[in-house]
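See structure below.
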Ligand SMILES: CC(C)(COP(=O)(O)OP(=O)(O)OC[C@H]1O[C@@H](n2cnc3c(N)ncnc32)[C@H](O)[C@@H]1OP(=O)(O)O)[C@@H](O)C(=O)NCCC(=O)NCCS
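Residue numbers (our numbering): 31 to 255.
Here is the structure:
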């Protein structure tokens, strides 16, 4: 056993408490090479409502000078932060009393989907939202949704047309914020295969009428970013 890592039964118990039997089942399947994410999308030519958080907050995109504040939130180090910015990704943050308490990334062009070990290729105008995180003591105060409203208005001003997100289905807290921000489920993307290049399958829901403006692609042989 790796030092500091909880035994398997303790981790299963934690997953069972947080996500129920489905979480344990799909967590087990992910270990043998079956993973899936729910796809959610929102058009940006529709109005974005104002959303007021229940705490005073400043919402803005982060710049290179915010690397230390990003690292302090525990969602990646300064190198990861600078590398994503260099790829043209934007990191939007919510600051409470001067401290960064929430972040979320948006990619354009293409992005690496770490959980599925594949790429998503995006048409012009489509943003892929990933890695939303709120500091545990600041959850359910409306930070994610208020940030979402501000950042979607900014995307509209940039002339972007749609926002795509891929959500872990057994993550009970993850859907409510997206639904409140106007995203709707459009399908599921699955990765099958235990190696570094799993096969990727997308299934769109029948009701998903929007034209597909993105493509999930199996990883190549080169090292992932
Ligand atoms: C998902 C996450 C980013 C949401 O951040 P947040 O700042 O707490 O979200 P908000 O406060 O804006 O929540 C928006 C709505 O969703 C609801 N909601 C949030 N978390 C919830 C939960 N665990 N269960 C039920 N509803 C929840 C809120 O009540 C709120 O609705 P309301 O304003 O009408 O009350 C945060 O829970 C988090 O960091 N989770 C761990 C990382 C993660 O799972 N990221 C998502 C990857 S897709």
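Idealized CB from N, CA, C, for every residue including glycine.
None of the values given here were measured: they were computed from a predicted structure.
Rounding to the nearest angstrom, what Cα-Cα distance links residue i and residue j in this structure?
i           : j           : result
residue 53  : residue 91  : 33 Å
residue 249 : residue 219 : 14 Å
residue 215 : residue 155 : 19 Å
residue 33  : residue 108 : Confidence at residue 33 is low in this model, with a pLDDT of 46, below 50, so its placement is unreliable and the value that follows should be read with caution. Distance between the alpha carbons of residue 33 and residue 108: 26 Å.
residue 31  : residue 254 : Confidence is the limiting factor: at residue 31 the pLDDT is only 39, short of 50, which leaves the residue's position unreliable, though a coordinate-based value still follows. Looking at the two C-alpha atoms, the distance is approximately 28 Å.
residue 150 : residue 65  : 15 Å
residue 97  : residue 166 : 20 Å
residue 79  : residue 179 : 7 Å
residue 84  : residue 43  : 33 Å
residue 40  : residue 193 : 37 Å
residue 50  : residue 185 : 36 Å
residue 211 : residue 63  : 32 Å
residue 123 : residue 177 : 7 Å
residue 207 : residue 251 : 36 Å
Give a yes or no on whether the C-beta atoms belonging to residue i and residue j are separated by under 8 Å.
i           : j           : result
residue 221 : residue 146 : yes
residue 158 : residue 141 : yes
residue 121 : residue 246 : no
residue 138 : residue 115 : no
residue 67  : residue 198 : yes
Which residue from the options puts its Cα closest to that of residue i?
i           : options               : result
residue 38  : 49, 58 and 165        : 58
residue 130 : 170, 161, 88 and 110  : 88
residue 132 : 100, 71, 76 and 110   : 100
residue 105 : 164, 181, 182 and 251 : 164
residue 144 : 241, 238, 227 and 235 : 227
Using DSSP's beta-bridge definition, name the partner residues of residue i.
i           : result
residue 217 : 69 and 234
residue 136 : 120 and 159
residue 245 : 151
For chain B, find out if any of its Cβ atoms is closer than 8 Å to the Cβ of residue i; answer yes or no.
i           : result
residue 217 : The structure shown contains no chain B; it holds only a single protein chain.
Q. Taking only runs of the alpha helix (DSSP H) that begin and end inside the stretch 165 to 201, which ones reach a length of at least 4 residues, in chain order?
A. 173 to 187
Q. Which runs of the beta strand (DSSP E) spanning at least 3 residues fall entirely within the stretch 44 to 117, listed in chain order?
A. 64 to 73 and 88 to 91
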